[in-house]
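Asks: Handing you a structure now.
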Amino acid sequence: MDLQALLNYPGALPAMSRTVADLMSEMNKDDPSPRRVGELIAQDPSLTTRVLRLSNSSFFRASRKIGDAHEAVAMLGMTHVRSLVMAAALGSSFKNVPGVNLPQFWRYSLRAADISKSLAGLLRLNEANAYTAGLIHAIGDLVMHIAMPDDIGPLDMGTPPLDLQRASAERNRFGYTYAEVGAGMVERWNFPEAIVNALKHQTEPFEGEVYEPLAGVLHLASWRARAEEIQLDDSGLAATFPDMVGISLGLDLGAVLGKDPEEWSFEDALAAFVD
């Protein structure tokens, strides 16, 4: 299946709910209304639950427990709430994906989000965009598993989804990777251009005419989260570190490892994605 056929495959790309569409429309305004955003989130009980679970996770380190959508907007700000809404909406859209361990997938994704946000802060990039992009950077693999299970299954056997060589294996087999699939999906959901471009170029952030620092952040965060998932030791980390991407961003191995999450499990935030 070629890329365009995959993106047009019925049922592969989850439809955006009316509530999320209205939220995206409001938050894309030059001067969005915090009150309206809170009201829209509160209209959808499932979305509210997921947003509050993320808001109260250790990642955002709120000064006190956030009790409702309006408090989330007031305490975290519009930028972070936008990230939470996008993440929660996508998280609720994928259930029982064939061949994918979803708790592992979302744990890995939360790790990548944490690292992406920390690296973005170090590089003075938009941290909220980095968090959102990190959380959804591998969403294309879920789409591929839904739309083409007979093709993706044999690939999983030889190169599991979180293997460090997964992108190369997908490109060799299909001519594209989860990166392009995910970018095509979020573009249809009207995500910000910066996030679309970061997802699209994350596997090769500085190749040819491309220069996408946020994609470079995703590349490093994905490498680190995958390395943790497959339990690489110190020598394995040194041997597999993406040197050229690190050099392009001015980050060495020590700088990236220095942004490791304080806690790798993310059990509190994981509840927002795994019911």
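If you read the sequence shown in full-length UniProt numbering, its first letter stands for residue 1, the second for the next number, and so on.
Quick reminder that beta carbons are idealized off the backbone N, C-alpha and C, glycines included.
All of these numbers come straight from a predicted model, not from anything done at the bench.
#1: Which complete beta strand (DSSP E) runs does the segment 9–80 hold, if anything under 3 residues is left out?
#2: From Gln-43 to Ala-120, what does the alpha carbon distance come to, in whole angstroms?
#3: If you measure between the beta carbons of Leu-270 and Leu-110, is that distance less than 8 Å?
#4: Check whether the segment 150–167 touches the segment 182–199, taking contact to mean three or more Cβ pairs, one atom from each stretch, closer than 8 Å.
#5: Using three-state DSSP, classify residue 276 as helix, strand or coil.
#6: By Cβ distance, which residues of its chain are closer than 7 Å to Ile-66, with the 5 residues on each side in sequence left out?
#7: Apply the 10 Å Cβ neighbour rule to Pro-45 and answer buried if 16 or more other Cβ atoms are within range, or exposed otherwise.
#8: Touch check for the segment 92–110 and the segment 137–147: three-plus C-beta pairs under 8 Å?
#9: What are the start and end residues of the alpha helix (DSSP H) that includes Gly-153?
#10: By a C-beta neighbour count over all protein chains shown, 10 Å radius and 16 as the cutoff for buried, is Pro-213 buried or exposed?
#11: Just to confirm the assignment: which complete alpha helix (DSSP H) runs, minimum length 4, are found wholly within the segment 207–242?
#12: Apply the 10 Å Cβ neighbour rule to Ala-5 and answer buried if 16 or more other Cβ atoms are within range, or exposed otherwise.
#13: State the Cα-Cα distance for the pair Phe-266 and Val-256, rounded to the nearest angstrom.
#14: Return helix, strand or coil for Gln-202, following the three-state DSSP convention.
#15: What residues in its chain sit with their C-beta under 8 Å from that of Pro-242, if we drop five residues either side in the sequence?
#16: From the beta carbon of Thr-79, is the nearest beta carbon of chain D less than 8 Å away?
#17: Answer with buried or exposed for Glu-228, where buried requires no fewer than 16 other C-beta atoms within 10 angstroms of its C-beta.
#18: Could you compute how far the alpha carbon of Ser-116 sits from the alpha carbon of Ile-195?
#19: Once DSSP output is grouped into helix, strand and coil, what is the label at Trp-189?
#20: Looking only at its chain, what residues have a beta carbon closer than 6 Å to the beta carbon of Pro-98, apart from the 5 residues adjacent to it on each side?
Replies: Let me spell this out:
#1: None, since the segment 9–80 contains no complete beta strand (DSSP E) of that length.
#2: Distance from the CA of Gln-43 to the CA of Ala-120, rounded to the nearest whole angstrom, comes to 33 Å.
#3: Yes.
#4: The answer is no - the segment 182–199 does not touch the segment 150–167, with fewer than three Cβ pairs under 8 Å.
#5: Absent from the structure is residue 276, since the part of the chain shown begins at 1 and ends at 275.
#6: Around Ile-66, the same chain offers Leu-52, Ser-55, Asn-56, Ala-72, Met-75 as residues with beta carbons nearer than 7 Å, after the five sequence neighbours per side are excluded.
#7: Exposed, because fewer than 16 other Cβ atoms sit within 10 Å of the Cβ of Pro-45.
#8: The segment 92–110 and the segment 137–147 touch, with no fewer than 3 CB-CB distances between them shorter than 8 Å.
#9: It spans 149–158 - the alpha helix (DSSP H) in which Gly-153 sits, taken as one unbroken run.
#10: So Pro-213 ends up on the buried side.
#11: Those alpha helix (DSSP H) runs which fall completely within the segment 207–242 and span 4+ residues are 213–229, 234–240.
#12: Its Cβ having fewer than 16 others within 10 Å, Ala-5 is exposed.
#13: Cα to Cα, Phe-266 sits roughly 19 Å from Val-256.
#14: If DSSP states are grouped into helix, strand and coil, Gln-202 belongs with coil.
#15: Here the set comprises His-219, Leu-220, Trp-223.
#16: The structure shown contains no chain D, having only a single protein chain.
#17: With 16 or more other Cβ atoms within 10 Å, it is buried.
#18: The straight-line gap from Cα to Cα measures roughly 12 Å.
#19: For Trp-189, the three-state secondary structure derived from DSSP is coil.
#20: Within its own chain, the residues whose Cβ lies closer than 6 Å to the Cβ of Pro-98, once the five positions on either side in sequence are excluded, are His-145, Pro-149, listed in chain order.
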